[in-house]
Amino acid sequence: MKKIESFEVDHERLNRGVYVSRKDIVGDHVVTTYDIRMKRPNREPVMNTGVMHAIEHLGATFLRDHEIYSHNTIYFGPMGCRTGFYLILKGQLSSMDIVPIIHEMFTFIAVFDDEIPGADPVSCGNYQDMDLKGAKLEASVFLNETLEKMTSENLIYPE
């Protein structure tokens, strides 16, 4: 069986960062999948599900409400390995092009101090598994240690 593209990335050398994972043509549009890697795979502890779930709700809400990105956001959600998130946008921006919106989104999460949108039994299938405090901490770490110190090793997959 052929490996999918994301399984071809050397996860032993992958750092935290924002990467273009793939570009696809859907109808008349290019759709770009971004790998928002918050943890170094197999070298750092993964995030727990409550943290991931809270970041997912806050990030998706932020993007869908954003003045510019609301119309281009297709998906924001967790990776099964719990080391980061996938963001799918209409268009073909580079990793560096989207760093400002990712920085803005993680700043929003790091300082968020309200009820998590959609964290209720009517809106969510597992609403009790949310960890806002942990999400804020992880967002702050990602901001301070990665997004504010971006280099090519945080933007381009290792060869």
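First residue of the sequence shown: 4, per this note's numbering; consecutive thereafter.
All C-beta atoms, glycine included, are put in the ideal place defined by N, C-alpha and C.
- Separation of the CB atoms of Y160 and V21 is rounded to 11 Å, and the pair is thereby denied contact status at 8 Å.
- No residue range can be given for R43, since it is assigned to no beta strand (DSSP E) and is classified by DSSP as neither H nor E.
- Around the beta-carbon of D31, fewer than 16 other beta-carbon atoms lie within 10 Å, marking it exposed.
- Contact between the region 44-63 and the region 118-133 is present: 3 or more CB-CB pairs across the two stretches fall below 8 Å.
- In the structure shown, the three-state DSSP call for Y72 is helix.
- Minimum Cα-Cα distance from T154 among the listed residues M99, R43 and N51 corresponds to M99.
- Rounded to whole angstroms, the separation of the alpha carbons of E118 and G62 is 14 Å.
- Ranked by Cα distance from L158, the options F79, E141 and V23 are led by V23.
- Partner residues in the beta bridge of F79, as assigned by DSSP, are L90.
- Cβ-Cβ separation between R19 and R40: approximately 5 Å, consistent with a contact (criterion under 8 Å).
- Within the same chain, Cβ atoms closer than 7 Å to the Cβ of R67 are found at S73 and T76, the five residues on either side in sequence being excluded.
- In this structure, the beta-carbon distance from I101 to Y37 falls below 8 Å.
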